[in-house]
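Since the structure comes first, as structure tokens, the remarks are kept for the end.
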Amino acid sequence: MSGKGTHGSSTGTTTPAQRPEKIRNVALVGRSGAGKTMLAEAFLAATGAINRMGSILDGTTVSDSDPSEIHQQRSVTLSVLPIVVDDVKVNLLDTPGYADFVGELRAGLRAADAALFVVSAVDGVDAATTALWAECESIGMPRGVVISRIDHPRARYETVLAELQGAFGSSVLPLYAPIRTAGGITGLRGLLSGTVSDYAAGTLRPVRRQTNEAERADSEAARAVLIEGIIAESEDETLMDRYLDGEEIPVDTLIMDLEIAVVRGSFFPVLAASAETGVGVTEVLDLVTGAFPSPVERGVPAVTDLDSGQTGPLACDPDGPLVGEIVRTTIDSFLGRVCLVRVFSGTIRDDSTVHIGGSGLADRGRTEHAGDERVTHLQFPMGSALNPAQYCVAGDICALTRMSSAETGDTVSAPERPMLVEPWEMPEPLMPVAVQAATHGDEDALARSLAKVAAVDPTLRVERNAETHQLILWCMGEAHAEVVLDRLRGQGVKVQTVGVITPLRETFARPIAARGRYVKQSGGHGQYAICDIEVEPLERGAGFEFVDKVVGGVVPNQYIGSVEKGVRAQMQKGVSAGYPVVDIRVRLVGGKAHSVDSSDAAFQAAGALALREAAAGSRIQLLEPVSAVTINVPDDYVGTVMTDLSTRRGHLTGVTSLGGERSEVTVEIPDAELLRYAIELRALTAGSGWFRRAYLRHEPASPNVITDTVTM
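Each residue of the sequence shown is one higher than the one before, starting from 1 at the first, in UniProt numbering.
Dropping the structure here:
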């Protein structure tokens, strides 16, 4: 952008930054396979952080930080790769592009101040890219775009640029035009600077020269569009009139306005690059250091002072009160709990004491916690490697190792002034996976290992279903489930998956009367209780009613409650298939008692027997859970989604246009049809659809559910 030329070495990447103005935190964002990790390696090679491209060790790249990434052959975790460019420290946050790991993406966006989208010149803009863009737009994240893989034989640079502008608006504009020589792209022509970056020599550092007259003429139309786009975003309202009057606007003025618009999130520069040939790598680094915001410009999330209860913003000041946030947690067999921390204010120092606290995630089985811990190992991450450091200033990112209880989302602050950072929104896991220990002896090991895995993965929810007694892992999708299971097995746990059991209910299909007779005599006091009941079904969701209609005291008052207890206990156990009974009214209409042998226990037993006898003479109906589901999809997929819902026994309740070419479909659908819907909706909508659900009621189960209550 500025045409600075080559960049300084990054041999000092482990040296702490001194001021936040000299830091850039940039999330690399894009769909899986777009080339983010390869581009990150090109940045590392261009700045001297690694000696060569493709720094492969045992099949892993420098950004691999989780054994699951090797097995899965995809990036599943957030990695931090620091480089130094012209005395500016740039923390590259390589985020996963696969939809199952949106939690890691959001962690990367939380730690970043800008996002650099990587879009393949071969694959172009798809629904996944659009969804990622919307994710960044929702939090006002400044963005730039790199069209990668421009050297590929099937690259479509101009087409992909048009797709970007069609999807994200007219403020998406290129800063450079590719130069083609003998069918390949060997350089870039700066539309503002009027310079050519020549990469023909095959090095990561280009030779710079001024454009000639023919090249300037060839770029004139694209240059005019870029200038008009920058002026349209300028805060100087006179600039457009001056431009239209024929005044030549100084390049420095245009660059300054461009940088302001990028920081404001209203202008999105596009660059072209190839990780393999190095074309465009220097220009991308120029953009990152020159146009992307520093932590000071981006600001600090809302913070609550726990002593005063006051909530407000803080400045990104190394001398201010300490406030940091744990954006990612891993557990290492040697280093223990490793916490990746974005420092928003103040300075973390090695061998200091910090306060760690969090509001917890109650719906994920976590509780509020707080305590002081000593920072015994302060480090700077470089992918999977860690380098010791003495301190980390506001705006920078560091790692704290050997932490005892810290979790993702916790706030790091000073013990004398504890703070709490406003949390970011976690995605809701919606795919259940039932697991069990392979043997009885593995159960304790499974419980211990699962607690560790859940502590570092806030997108995982662990539930012990009170009705089915199954251990359920609620995951983001199939790939997420595979990673969780890999991590468990990596700790030596023998675990296996089983079918998810749908928690059904039972109810009576018609009214019926029955008698419960519990009479036993075995010497001494016997047991004597007889009760007559009438059972009738109620409407769905009505619950349970017990009515005393005894006349003449045939069942003494002190035993009326005993009968009800017995009925309720039997309802919980079930009367046919072992599922709880719901939505019935039971009337106690008669019975008999004995002055000596009757007791509370006897009438409880008689009440339970009476309900079982009633069930034996009636038709018992199984009920399955139904949820209210809201599905958010692009307009193009509404018809496809609705057709699919009809095959899932869904009852459509509405379709609402949300604007922005998206709609919301609401439907009532049995839970048995939702077990894999997180995966199937993604396939139906090319990764662009998502849904939320809430339990609604139980309804009569379909025949296939009745014959097979264990479904997958």
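Ideal Cβ placement from N, Cα and C applies to all residues, glycine included.
Limits of the beta strand (DSSP E) - the one that residue i falls within
i      : result
Lys520 : 512-520
Leu116 : 114-120
Cys398 : 397-403
Leu271 : 268-272
Arg143 : 143-148
Sheet register partners of residue i (DSSP bridge)
i      : result
Asp532 : Arg515, Gly590
Val84  : Lys89
Asn387 : Phe380
Ala694 : Ala628
Glu325 : Arg342, Thr411
His369 : Gly358
Gly659 : Arg662
Trp474 : Pro432, Arg461
Tyr176 : Gly190
Cys392 : Ile348
Pro634 : Arg662
Thr353 : Arg374
Met419 : Asp305
Ile227 : Ile227 pairs with nothing; no bridge assigned.
His651 : Glu668
Glu545 : Arg585
CA-to-CA distance, residue j to residue i, given in whole angstroms
i      : j      : result
Ile331 : Arg337 : 4 Å
Arg106 : Pro96  : 10 Å
Phe101 : Ile231 : 38 Å
Ser405 : Glu233 : 47 Å
Ser266 : Glu137 : 10 Å
Leu175 : Val119 : 16 Å
Val629 : Trp690 : 10 Å
Gly659 : Ile631 : 15 Å
Arg585 : Leu538 : 7 Å
Ile56  : Glu41  : Summary for Ile56: the model assigns pLDDT 33, below 50, so the residue's position carries little reliability, and this model does not support an answer.
Glu104 : Glu425 : 12 Å
Gly477 : Ala131 : 16 Å
Phe380 : Val251 : 38 Å
Ala162 : Arg19  : 39 Å
Cys392 : Gly383 : 17 Å
Ser618 : Val581 : 13 Å
7 Å CB neighbourhood of residue i in its chain, flanking five on each side removed
i      : result
Tyr199 : Thr186, Gly187, Pro206, Thr277, Gly278, Val279
Leu44  : Ile50, Val62, Leu81, Ile83
Tyr695 : Pro625, Ser627
Glu613 : Ala514, Arg515, Gly516
Contact set for residue i: own chain, Cβ-Cβ below 6 Å, skip 5 residues either direction
i      : result
Ile255 : none
Val327 : Ala107, Arg110, Ala111, Leu340, Arg342
Thr468 : Ile501, Pro503
Asp113 : Asn25, Pro293, Pro295, Arg298
Ala454 : Leu460, Val462
Tyr559 : Phe603
Among the options, nearest to residue i - alpha-carbon criterion
i           : options                        : result
Asp635      : Leu675, Ala686, Ala451         : Ala686
residue 769 : Val303, Val453, Ala261         : With the chain running from 1 to 712 in the structure shown, residue 769 is simply not present.
Val80       : His651, Val29, Leu611, Ser266  : Val29
Gly543      : Thr507, Lys452, Ser449         : Thr507
Asn557      : Cys531, Glu680, Asn91          : Cys531
Met38       : Gly578, Arg242, Ala275         : Ala275
Val655      : Asp644, Val667, Glu661, Thr647 : Val667
Val551      : Ile147, Gly590, Glu478, Ala437 : Gly590
Arg587      : Ser688, Ala616, Glu664, Arg568 : Arg568
Ala17       : Val85, Val270, Thr411          : Val85
Gly35       : Tyr98, Val90, Val88, Arg24     : Tyr98
Glu407      : Glu428, Ser197, Thr459         : Thr459
Arg208      : Ser193, Gly357, Asp457, Leu430 : Ser193
Ala615      : Val519, Thr643, Val596, Ala509 : Ala509
Val433      : Val462, Val535, Arg697, Leu93  : Val462
Nonlocal neighbours in the same chain, by C-beta distance under 8 Å from residue i, ignoring five residues either side
i      : result
Glu699 : Arg540, Leu623, Glu624, Val626, Pro670
Arg154 : Val122
Ala273 : Leu39, Ala42, Val146, Ile147, Ser148, Ile150, Val279, Gly280, Val281, Glu283, Val284
Extent of the continuous alpha helix (DSSP H) run through residue i
i      : result
Arg448 : 443-456
Gly499 : Here Gly499 belongs to no alpha helix (DSSP H), and DSSP marks it neither H nor E.
Met571 : 557-573
Gln165 : 157-168
Met256 : 251-264
Ser197 : Counting along the chain, Ser197 falls outside any alpha helix (DSSP H), though it belongs to the beta strand (DSSP E) covering 195-198.
Leu611 : 600-616
Chain B within 9 Å of residue i, Cβ atoms only
i      : result
Met426 : In summary, chain B is missing from the structure at hand, where a single protein chain is found.
Contact test: residue i Cβ vs the ligand MN heavy atom, cutoff 8 Å
i      : result
Ala107 : Judged by which ligands are present, the structure shown has none, so any question about the ligand MN falls away.
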